[in-house]
Amino acid sequence: MSSAQTDPDAAPPLLVFRDVVKEYRNEGERVRALDGVSLDVPAGRFLAVVGRSGCGKSTLLHLAGALDFPSSGAVLLENESTHKLSETGLTKLRREKVGFVFQSFQLLHTLTVVENVEVPLLLAGEINARPRAMERLTLVGLADLAQRRPHQLSGGQMQRVAIARALVHGPRLLLADEPTGNLDTATGNSILALLRAICSERGVTILMATHSAEAAAIADAIVRMRDGRILEGTQ
Amino acid sequence: MSGLVLFYRLILRPLFRQPGRALLILFAIALGDAAVVAIALAGNAAAGSFHSSIETLAGKNDFEVTAAGGVPQDLVARLSKLPYPLQVSPRIEDRAMVADTRQSVPLIGIDMIGAANTANLPVLGASEVSDAIRHINDPDAIWVTRGLAQAIGDRLPLLIEDHTRTYTVRGILPDSTQVSGDAVVMDIGAAQIATGKQGRVDRILIRTPAEGGFAAWESRLREVLPAGVMLNAQGAETAANRRMLAAFRWNLRILSYIALIVGAFLIYSALSVSVVRRRPEIGTIRALGTSRNAVLLAFLAEAAAFGMLGSLLALPLGRALATGAVRMLSTTVNALYVSSRPGPLSLTAGSVVLALVVGVAVSCLSALAPAREASLVPPTEAMARGRRDYEVRVERKRDALAALGLALCGAVAAQAPEIGGKPILGYLSALLFVASAALLTPLVVHFAMEAGSGSLRRLAGMEGLLASRSLGGSLRRTSVLVAALATAVAMMTSVGIMVGSFRETVLTWMQTELPADLYLRPASWAGGDQHPTISPQIADRIARVPGVAAVRRMRAYDIQYQGLPATLAAVQANPPTVPENLRFLSTAQDADPMRQLPSGNFAVVSEPFANKHHVKTGMSLALPLGVQKVTFRVLGVFYDYGDEAGLILVDWNILQRYLPNPAPSNLAVYLAPGANLAETRVAIQKAIGNNNVLAFSNREIRRQGMRVFDQTFAITWALEAISILVAVGGIAGSLVSIIIDRRREFGVLRFLGATGAQIRRLILFEAGLIGLLASAVGLGLGVVLSLVLVFVINKQSFGWTIQFHWPVAVLAWSMGIVYVATILAGLYPARLAVRMNPIEVIHEE
């Protein structure tokens, strides 16, 4: 078993991994992506998960976002075990509590910037989504570009839109998978600064997967992983 | 060798990775091509078979002598006595109906003694001929094919004209290539008695010696023949019938290509998507030194391979479809043209070549634009994703202008006259309008989606917004899908409007054309070219039945006018109490043609006859009647929808002067005011006695007419259904390909909180929008095409004036069915999208 207590004095954990094992079948072979991971992520903290490609970082994020379930062990988000939730419960959880930021932005190219930001609200059935979407765009400094299409933006601007979209429904947990992986250093740093500010000023818990030690340095705590196991947790 | 490597890497390998795309293209080619093969096979079998009826036991000759109302028998003797070594074979050519089974078969009367003395009739073996001679004086002796009797001595009741008589089978005809299907043979004398053609024969076949040349023999023979008698090369009647059927078959053949046109859109769509997907690979290969031509050829080779494979699949499929088609076609050919029996359906070398040529050509033509595009894209641009759709948007204006130009050309082509009796420019006009609509589609989709996305968002939330944006965003792909389905919808709409208008016109026409209370005809009637007669005394007996006010006789003859078949009919004047029933489209000023008809050699002609032979009111017609040529002046042209060959109407008494024969083909019976229809009908049946004459009430005959009409167009609807099937199947296939292409988008949506049901709704919404856009474009195009069909193609092909009519219910139903079918086509792709693992698809990126 591998575990990390990132900050024993911090607030009660928002997200808990308890003895989590995740196995996949790949061309008939069983692959263990996570191997007995235990981890507490306190509310309002910025946690970076670092490690090489294939070490299990992304799998950890998918389990945290209830997009996948552990083969054994449990993942608890606000004390609620994700694998006990129904399909409806899981969708509700994703809609209300979790936001995602991806390495390749994953914006919908047919929608404008503001429409991209509105998507989570509209999927949740909210009719009056525009004001909140604009508010989030203002937060990331892109209100002026609201009517543009993604292909008219730079990489950094696209990632800011993605962050605005991830925050639009007011999630308590933001999952960022290599958010600076497709950006140059300066742009990457500005994105990291934005994430830092979101965590500090809005109290959003951030779990960021990265293979860059430089990026991880901005976090409150760093969890190092190798071959599906947590090697250590540091502050 | 390097070409093969390129073909494998660029074409075959991606194909194996995307079998769905390959199946979609094969489906489009195979089904479209199958429709073409089916119609070609069925057309040959149904329309070609009448040849066998007329030519049964005809043998090989050089000339044929015919005359309206029959060739006088003394001409046989006159020809035989000519000082040349001619073989002269007189024939009776009629039809008989087997009383028990109601099977209509050719009845051929031949000169048995002559046949015994000639080697030109290989139909009867030596023993059969000598046996025939023993029974030559027996009017009940018949020789039949194996399908009609088991053994010599069998008794076979036959219905000929309006009487039934039991004949004795004196011989079974050997299986022969000259007898296709069943037939009854009699000695010519017995046949003349049975058909009431004493003193006349239907045709005299003449075989001339090999030396001398055709023209010389023609002039020698012409010298001894009277003016009204026609001398032609053998098979002229068959050729004339073939010419008459040509328009019918030509239109049907064109119709069968609709599914292929729809298929072409889908092939284009599938290949365009495939080119867009393979741009990085093309770019890499181009960067490594492959020439543009090599890329172009690789994609064209792919299309040719698809065409070849699709065509091979189309052959058995077309053969299977032809089985159903031939049944429908032969009903039409029988009812409207000539009595015939479907011939055997067989895949010939010709049909294989047709399928291959059509399949490969359509596939390659559809692939030309995507292949060219693949070859033109520079390697660096090919690496960039998502730019092509943007460029297509930029070209919308250019496409719209081109669309306008094509539409104008279409309008001009619609004004042009027919070429060689075929509405070639009419079809070109239709094709130009289809191309115009296809070019206009991106603009329509763009504006509809731009204008509608706000409303769709309010109406259907996120699914509405995403569906509209996604369709508008991938304009090229969406437009091709919409254009393909719109073409199918337009064809269906236009044919629906044309058939609906035609049906309404015929219904109205029948209401005025059929004023009598009862119509009578012999039970042995078997086809449009058959005019069996009713014994003359029956008309007199019916006229004396209480409750009958008047009996109007009509006699029809099949004649040839300017090398084409036509019907010459003689009618008695209407009773004075009955208003004139014919509606004229042109008459001499202030003239009453029907009242003037009995006063001399006057005629009125039907619209199809006038159009086919460019006849106008006031012109003169020289009609071959018996042995003389008689001139009639045309008093008017009337609307007629019962006889495509064309109808010439003269007065009964006038025609009796030239063709004295009191036996009518039909009787129209008018009841006295207050007479009870049912009771009078029973009394009339009694008056008819043992003769096989059928009586139909006015309502029955109209219903029968509409049944024939509906049967005629059943094949049209079947072809439309195939087009719709190709289009909807193509939509399903294309949606699958879209789902695969957009899997990242669906993955992201799942990450952002979309439920499976929302993804399903999104796909179905997109399918529905495609259906809606296609219906709108298709309806607009369909209305334009229906105008071309009604006022240009139909008019030039058949010569009928059709009153325009909106078959609203039929159109609403058809649109509804297409719309529902499109949504259903989205079900499987939607299922695929829902089952995608969002983590996997996001990770692929």
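From first to last, the protein sequence lines stand for chains A and B. In this text, residue positions in the first sequence follow the working numbering: the first is 6, and each later residue adds one. In this text, residue positions in the second sequence follow the working numbering: the first is -16, and each later residue adds one. C-beta atoms are modelled at their ideal positions from N, C-alpha and C, and glycine is treated no differently. Every value quoted in this text rests on a predicted model; they were computed, and no experiment measured them.
{"Query": "Tell me the DSSP secondary structure of residue 763(B) in three-state form.", "Result": "helix"}
{"Query": "For residue 597(B), count the other beta carbons within 10 Å of its own beta carbon; 16 or more makes it buried, fewer makes it exposed. Which is it?", "Result": "exposed"}
{"Query": "Could you pull the start and end residues of the alpha helix (DSSP H) that residue 110(A) belongs to?", "Result": "Element bounds for residue 110(A): n/a, residue is neither H nor E."}
{"Query": "My understanding is that residue 581(B) touches residue 636(B), with C-beta atoms under 8 Å, so please give their C-beta distance in whole angstroms.", "Result": "6 Å"}
{"Query": "Examine chain B for any beta-carbon lying closer than 9 Å to the beta-carbon of residue 73(A), and answer yes or no.", "Result": "yes"}
{"Query": "Does residue 59(A) come within less than 9 Å of chain B when only Cβ atoms are used?", "Result": "no"}
{"Query": "Within 10 angstroms of the Cβ of residue 400(B), are there 16 or more other Cβ atoms? Answer buried if so, exposed if not.", "Result": "exposed"}
{"Query": "Name the chain A residues whose beta carbon is nearer than 8 Å to that of residue 385(B)?", "Result": "Going along chain A, no residue has its Cβ under 8 Å from residue 385(B), so there is no contact; the nearest lies around 26 Å."}
{"Query": "Using a Cβ cut-off of 9 Å, which residues of the stretch 716 to 727 of chain B contact any Cβ in chain A, in chain order?", "Result": "727"}
{"Query": "For the alpha helix (DSSP H) that contains residue 631(B), what are its first and last residues?", "Result": "Taken as a continuous stretch (DSSP letters only), residue 631(B) belongs to no alpha helix (DSSP H), being part of the beta strand (DSSP E) at 630 to 634."}
{"Query": "If I follow the unbroken alpha helix (DSSP H) through residue 596(B), where does it start and stop?", "Result": "590 to 596"}
{"Query": "Can you grab the Cα-Cα spacing for the pair residue 352(B) / residue 384(B), in whole Å?", "Result": "19 Å"}
{"Query": "Can you give the Cα-Cα distance for residue 423(B) and residue 228(A), rounded to whole angstroms?", "Result": "58 Å"}
{"Query": "So is residue 174(A) in contact with chain B if we call contact Cβ pairs under 9 Å?", "Result": "yes"}
{"Query": "Under the three-state reduction of DSSP, which class applies to residue 227(A): helix, strand or coil?", "Result": "strand"}
{"Query": "Less than 8 Å between the CB atoms is what I'm expecting for residue 534(B) and residue 522(B), so what's the real figure, rounded?", "Result": "5 Å"}
{"Query": "So, with DSSP's three-state summary, where would you put residue 540(B)?", "Result": "strand"}
{"Query": "Does DSSP put residue 653(B) in a helix, a strand or coil?", "Result": "strand"}
{"Query": "So which residues on chain A does residue 825(B) lean against when the C-beta distance must stay under 8 Å?", "Result": "107 and 111"}
{"Query": "For residue 59(B), report the span of its alpha helix (DSSP H) as first-last.", "Result": "57 to 63"}
{"Query": "For chain B, is any of its Cβ atoms less than 9 Å away from the one on residue 137(A)?", "Result": "no"}
{"Query": "Does residue 493(B) have its Cβ less than 9 Å from a Cβ in chain A?", "Result": "no"}
{"Query": "Any idea what DSSP makes of residue 374(B), helix, strand or coil?", "Result": "Because the pLDDT of residue 374(B) is 45, which lies under 50, any placement of that residue in the model is unreliable, and the question is left without a value."}
{"Query": "So residue 738(B) contacts chain A; which residues on that side make the cut at Cβ distance below 7 Å?", "Result": "96"}
{"Query": "Please state whether the Cβ-Cβ distance between residue 654(B) and residue 764(B) is less than 9 Å.", "Result": "no"}
{"Query": "Identify the contact partners of residue 130(A) in chain B, using a Cβ-Cβ distance below 9 Å as the criterion.", "Result": "444 and 445"}
{"Query": "Does the pairing of the stretch 273 to 285 of chain B with the stretch 739 to 746 of chain B give three or more beta-carbon distances under 8 Å?", "Result": "no"}
{"Query": "At a Cβ threshold of 9 Å, is residue 753(B) touching chain A?", "Result": "no"}
{"Query": "Have a look at 60(A), 139(A), 170(A) and 146(A) and flag the residue whose alpha-carbon is nearest the alpha-carbon of residue 107(A).", "Result": "170(A)"}
{"Query": "Run through DSSP, which three-state label would residue 369(B) get?", "Result": "Note that residue 369(B) scores a pLDDT of 45, beneath 50, so its modelled location is shaky and nothing firm can be said."}
{"Query": "Using 10 angstroms around the beta-carbon of residue 683(B), count the other beta-carbons present and answer buried if the total reaches 16, otherwise exposed.", "Result": "exposed"}
{"Query": "Going straight from the alpha carbon of residue 203(A) to that of residue 55(A), what length do you get?", "Result": "20 Å"}
{"Query": "According to the Cβ coordinates, are residue 342(B) and residue 297(B) closer than 9 Å?", "Result": "yes"}
{"Query": "So, is the C-beta of residue 125(A) closer than 9 Å to a C-beta in chain B?", "Result": "yes"}
{"Query": "Does residue 741(B) have its Cβ less than 9 Å from a Cβ in chain A?", "Result": "yes"}
{"Query": "At the level of alpha carbons, what is the spacing between residue 389(B) and residue 408(B)?", "Result": "14 Å"}
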